[in-house]
Amino acid sequence: MRLQREHPWPRTEAEALAVQEELRPLVRLVPLPRPPRLIAGLDVAYAGAHGAADDRVAAAVVVLDAATLEPVERATAVGTAGFPYVPGLFAFRELPVLVRALERLSSVPDVLLCDGQGLAHPRRFGLACHLGVLTGVPTLGVAKTPLLGEWTEPGPERGATADVHDRGETVARVLRTQTGVKPVTVSAGHLIDLDDATAVVLDAARRYRLPETTRLADRLCRDVAQGEGVGTPTGVSTPTGVSFPPGS
DNA sequence: GCGACAG
DNA sequence: ATCTTGTCGC
Numbered sequence: 001m002r003l004q005r006e007h008p009w010p011r012t013e014a015e016a017l018a019v020q021e022e023l024r025p026l027v028r029l030v031p032l033p034r035p036p037r038l039i040a041g042l043d044v045a046y047a048g049a050h051g052a053a054d055d056r057v058a059a060a061v062v063v064l065d066a067a068t069l070e071p072v073e074r075a076t077a078v079g080t081a082g083f084p085y086v087p088g089l090f091a092f093r094e095l096p097v098l099v100r101a102l103e104r105l106s107s108v109p110d111v112l113l114c115d116g117q118g119l120a121h122p123r124r125f126g127l128a129c130h131l132g133v134l135t136g137v138p139t140l141g142v143a144k145t146p147l148l149g150e151w152t153e154p155g156p157e158r159g160a161t162a163d164v165h166d167r168g169e170t171v172a173r174v175l176r177t178q179t180g181v182k183p184v185t186v187s188a189g190h191l192i193d194l195d196d197a198t199a200v201v202l203d204a205a206r207r208y209r210l211p212e213t214t215r216l217a218d219r220l221c222r223d224v225a226q227g228e229g230v231g232t233p234t235g236v237s238t239p240t241g242v243s244f245p246p247g248s
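See the structure below:
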């Protein structure tokens, strides 16, 4: 995949905020242009996470057939976070390595399922929005815990939802993906709307709380981060050897 | 001022 | 995110 837009990665909070301010107006909330045929999950794992700028990170992208949820392609990349963990600026830690993984992808997914928030962000520009603007591909955020907002408890059944409001706006939806599990928070990223984002996540979470995309991406980047990589569920091999080789 | 705070 | 054993339940 090639990027539609690029920008230097900031080193300070002030620079990061400026980047968000500049790109935020580019976000477009519209229905998905067509039913997704290929959906991709993205995630990042850390080696001994400290929340510091020099944390070693590994990113993974796994592309699935939307109908069968079978993996069709995957890509990984390793590197350094380059930015400390700051709520609201979280994207600057994970986007650099995620983008490098995406650039190693030959296919172009119809939607990118990001691990984190989209519009449900203090400046309405979470990681999913940011990645959407950089790639020009529809994105959504599916987070395990909310970052902000107010909502009511959704019903107990799979598929139950409740809108998340913040400062007078509907910024996300809590979605119960399985009966009896804690809801996930879904928000639109770019080139998608909340209804479509919710539908995509629910359809991708057929068996577990989290969509299959993020589950597979999570396992893959964790394997890479620990230098494992032998024996994935589908029998595909991943890089074997030392974790984070001296060349990156 | 105090507490909360995606991963 | 990551550090970590057993344990309760379908």
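With UniProt numbering, the residue at position 31 of the first sequence is 31, and numbering never jumps. Here a beta-carbon is modelled for each residue, glycine too, at the ideal position from N, C-alpha and C.
N- and C-terminal bounds of the beta strand (DSSP E) containing residue i
| i | result |
| --- | --- |
| His165 | Thr161 to Asp166 |
| His190 | Val184 to His190 |
| Ala77 | Pro71 to Thr80 |
| Ala40 | Leu38 to Tyr46 |
| Val111 | Val111 to Asp115 |
Beta-carbon proximity of residue i to residue j, cut-off 9 Å
| i | j | result |
| --- | --- | --- |
| Leu191 | Arg123 | no |
| Gly116 | Glu94 | yes |
| Arg206 | Thr179 | no |
| Val142 | Leu210 | yes |
| Arg56 | Ala81 | yes |
| Ala45 | Ala204 | no |
| Leu134 | Gln4 | yes |
| Leu98 | Leu42 | yes |
| Val184 | Val174 | yes |
| Leu29 | Ala188 | yes |
| Ala67 | Cys221 | no |
| Pro25 | Val19 | no |
Segment limits, alpha helix (DSSP H) that includes residue i
| i | result |
| --- | --- |
| residue 249 | Since the first residue of the chain shown is 1 and the last is 248, residue 249 is not available in this structure. |
| Ala204 | Leu194 to Ala204 |
| Leu17 | Glu13 to Leu23 |
| Ala53 | Unbroken run through Ala53: none, as it is neither H nor E. |
| Ala217 | Glu212 to Ala225 |
8 Å contact criterion, which residue i and residue j should meet: CB distance rounded
| i | j | result |
| --- | --- | --- |
| Ala60 | Ala91 | Not a contact, Cβ separation roughly 17 Å. |
| Thr214 | Thr161 | Incorrect: roughly 18 Å between the Cβ atoms, too far for contact. |
| Val62 | Ala40 | 7 Å |
| Leu140 | Val72 | At roughly 19 Å, the Cβ-Cβ gap does not stay under 8 Å, so Leu140 and Val72 are not in contact. |
| Leu32 | Pro146 | At roughly 23 Å, the Cβ-Cβ gap does not stay under 8 Å, so Leu32 and Pro146 are not in contact. |
| residue 259 | Met1 | Nothing can be reported for residue 259: it is not among the residues displayed for the chain, which extend from 1 to 248. |
| Ala53 | Phe83 | 5 Å |
If contact is defined by three or more beta carbon pairs under 8 Å, each pair taking one atom from either stretch, is the segment 144-162 in contact with the segment 127-134? no
Are the segment 96-111 and the segment 22-37 in contact at 8 Å, needing three or more beta carbon pairs? yes
For the 8 Å Cβ check, are there 3 or more pairs between the segment 3-19 and the segment 188-203? no
Which ranges does the alpha helix (DSSP H) cover as unbroken runs of at least 4 residues, wholly within the segment 127-182, from first to last along the chain? 127-135
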